[in-house]
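Chains as they are written, first to last, in full-length UniProt numbering: chain A, 1 to 216; chain B, 1 to 335.
Note that CB positions come from ideal geometry on N, CA and C, so glycine has one too.
Keep in mind it's a predicted model, so treat the numbers as computed, not measured.
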Amino acid sequence: MIEFVLGGAGKPQASPIPNGFPGSAGLEVPGTDVARARQMLAAAGHGRGFDVDFTFPAINSYGADMSLVAQRLQQDLGRVGIRLRLQPATFPVWVQQMRAAQLPMTIGYYAPDYFGSAQYVNFFGIMEGTPWFTRAGGGNLSSIANAELRGLLTRALAAPEGEREAAFQAVARSMMGDRIILPLLSPDLVIAHRPGLQGVRYSTCCNLPLAEIRPR
Amino acid sequence: MVLIQRLLLLPVLLLGIAAVSFGLSRATGVDPVIAIVGERAMEDPAVVAAARAQWGLDRPVAVQFLRHVANAAQGDFGTSFRTRRPVGTDLAERLPATLELVLAATLLGTLVGAALALLSARWPHGLLDQAVRGFASAGVSIPVFLAGLLFLWVFASWLDWLPGPGRLDARLTPPPVWTGLLLVDAALAMDWAVWRDAARRLVLPAAALGWGIAALVARLLRATLIEELARFHIVAARSRGLSEGRLLLDHALPNAMVPALTLISLSFATLVAGAVLTETVFAWPGVGAYALESAPTLDYPAIMAVTMLGGVALALSGVVADAGQAWLDPRLRDR
């Protein structure tokens, strides 16, 4: 996926909490096991696979072309019999359908507002009151809610400095266990500048703080 | 009189265009607030309500339309949802780039098309005529984006004769803006490095766009020239010893150009708001690219302004075509 979409300029990500953020260290990225996937599908009564409408925004986000991601997903899932019917949509149409929980499957992106993991939990966590709980159909099927997630988040936010990493790791593992939000890739950011400039740096919230850039 | 009538009808035409584009935009059923506040902020009802109030989207649709028309009549096309700037400012920046491209394409297409038509009509049914007709067929058949990509591949990549996409080399400083037309502004500032670069970068997109115009002009003009050359006054002039060149240029061409003028004017007007594909292939920062960026985000003010710009261009092209025809054909001046 990373080679196909980003030309290799990216990294896999294990949980909805991105690489480098509190709680992301040491998490295992799921491997590929086509045979086991087929077995699991057969055991669930889908031995011949099934079809899924896959609506996605036809945009390029941080270098990741969603059309390419969708095509790669179609190829990968096709190997186990899951047939995606790709339906590109403009961004506003996609958002409207997604917020109305009309999409059985989709892809999206997220860029942080600050350096902190709680924003990812409050957005992607499958618990009452979060956007993705509603978008995943939680309004009609409240049983998908992750009962322990809110408690884990509260403990992580209250944890002292030395324990915060472990606390957020527990949050991340809990989110991974939901198997509803599946991280695909984390694009590398490449910033090039002339030697005569200083102050060029990446910022998690601003990408590139222009006000700090000046000639040497 | 006809010209005056056309100009008086222009506001009615624009009102119709505004109504249709407004209606079609709203008919998508997608909430335009999404484009304004973004995906995450849509989860906050207070933000959504504030955005609707600020952008007038909380008013009834009919009121929104009437406000838009009233503002547009005063030259205010609203603020772009996407750029957050007045649409008029966006268009003022973009329009010169498109005008420069379309003017160059129209001029190139007209000159090449007329030259080919003259050669073709001079020696009809010969090898040259066949070649011209083949060129014309290719020009109307090959999509403009494919022509653009082919030209880029051949002349910019393979032969390296001309630069690639973009209006100006990023390492050059643009000249002060007087007209917005890079060639004119660079000449006024006597910045010949910029002028040369801008001129070289204009060749390929103008050729891609102009090929279609040249094809249409060549086809039409060839047919009308052959008709003209068979008329009695040409036969009479030929019998008095006029050269074929003078017959073609002085006697046949002015009459044959009358229908071609309408074609050229319409082509120009259509391209003002419609050179989307060429501007995309060549990364040309014009109105077409602006429309392409605005449409997927449902940027209503921008979409409507570009549509109305296209309408104005088409209406004015009719006026220009009529004036040109009256100049060429004195019989039309009495109208």
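- At least one CB of chain B lies nearer than 8 Å to the CB of proline 131/A.
- For proline 57/A, no alpha helix (DSSP H) segment is defined; the enclosing uninterrupted segment is the beta strand (DSSP E) at 50 to 57.
- For glutamate 293/B, no chain A residue has a Cβ inside 7 Å of its Cβ, as the nearest lies near 12 Å away.
- For methionine 42/B, a Cβ of chain A is located within less than 8 Å of the residue's own Cβ.
- With its beta carbon less than 8 Å from one in chain A, aspartate 31/B belongs to the interface.
- Assigned with DSSP and collapsed to three states, proline 30/A falls in coil, not helix or strand.
- Nearest CB-CB separation between phenylalanine 91/A and chain B: below the 8 Å threshold.
- When DSSP reads this structure, asparagine 60/A sits in a beta bridge with Asp65/A.
- Not one beta carbon of chain A lies nearer than 8 Å to the beta carbon of isoleucine 17/B.
- Using beta-carbon distances, valine 95/A counts as an interface residue toward chain B, with a partner under 8 Å.
- Of Ala326/B, Thr98/B, Asp76/B, His251/B, the smallest CA-CA separation from glutamate 227/B is found for His251/B.
- Between alanine 136/B and alanine 208/B a beta carbon distance of about 16 Å is seen, past the 8 Å cut, so the two are scored as non-contacting.
- Short of 8 Å from the beta carbon of alanine 115/B, and not among the five residues preceding or following it, lies no beta carbon of its own chain.
- Shown here, asparagine 19/A sits in coil according to DSSP, grouped into three states, outside any helix or strand.
- Look at arginine 72/A: its C-beta is not under 8 Å from any C-beta on chain B.
- Note that the region 289 to 301 of chain B does not touch the region 174 to 189 of chain B; fewer than 3 beta-carbon pairs, one per stretch, sit closer than 8 Å.
- With the rule of 3 Cβ pairs closer than 8 Å, the region 250 to 268 of chain B counts as touching the region 323 to 333 of chain B.
- For isoleucine 34/B, the uninterrupted alpha helix (DSSP H) run begins and ends at 33 to 37, by DSSP.
- Relative to tyrosine 109/A, the option among Gly151/A, Ile82/A, Ile144/A, Leu182/A whose CA is nearest is Leu182/A.
- Within 7 Å of the CB of arginine 99/A, the CB atoms of chain B belong to Met42, in sequence order along the chain.
- With a beta-carbon spacing of about 18 Å, valine 319/B and leucine 15/B fall beyond the 8 Å limit used to define contacts.
- Between glutamine 198/A and arginine 214/A the beta-carbon gap is near 6 Å, inside 8 Å, which marks them as a contact.
- The shortest CA-to-CA distance from arginine 201/B to any of Trp123/B, Pro86/B, Gly134/B, Leu101/B is the one to Leu101/B.
- DSSP places leucine 57/B outside both helix and strand once states are collapsed to three, so it counts as coil.
- Glutamine 64/B has its alpha-carbon roughly 7 Å from the corresponding atom of glycine 56/B.
- Residues of chain A whose Cβ lies closer than 8 Å to the Cβ of leucine 298/B are, in chain order, Thr90, Pro92.
- Residues of the region 34 to 62 of chain B with a C-beta atom less than 9 Å from some C-beta of chain A are Ile34, Ala35, Gly38, Glu39, Arg40, Met42, Glu43, listed in chain order.
- Annotation: arginine 133/B to valine 140/B spans about 11 Å, alpha carbon to alpha carbon.
- Nearest in C-alpha terms to serine 265/B, of all of Met304/B, Leu107/B, Asp169/B, is Leu107/B.
- Between isoleucine 213/B and valine 144/B, the alpha-carbon positions lie close to 11 Å from each other.
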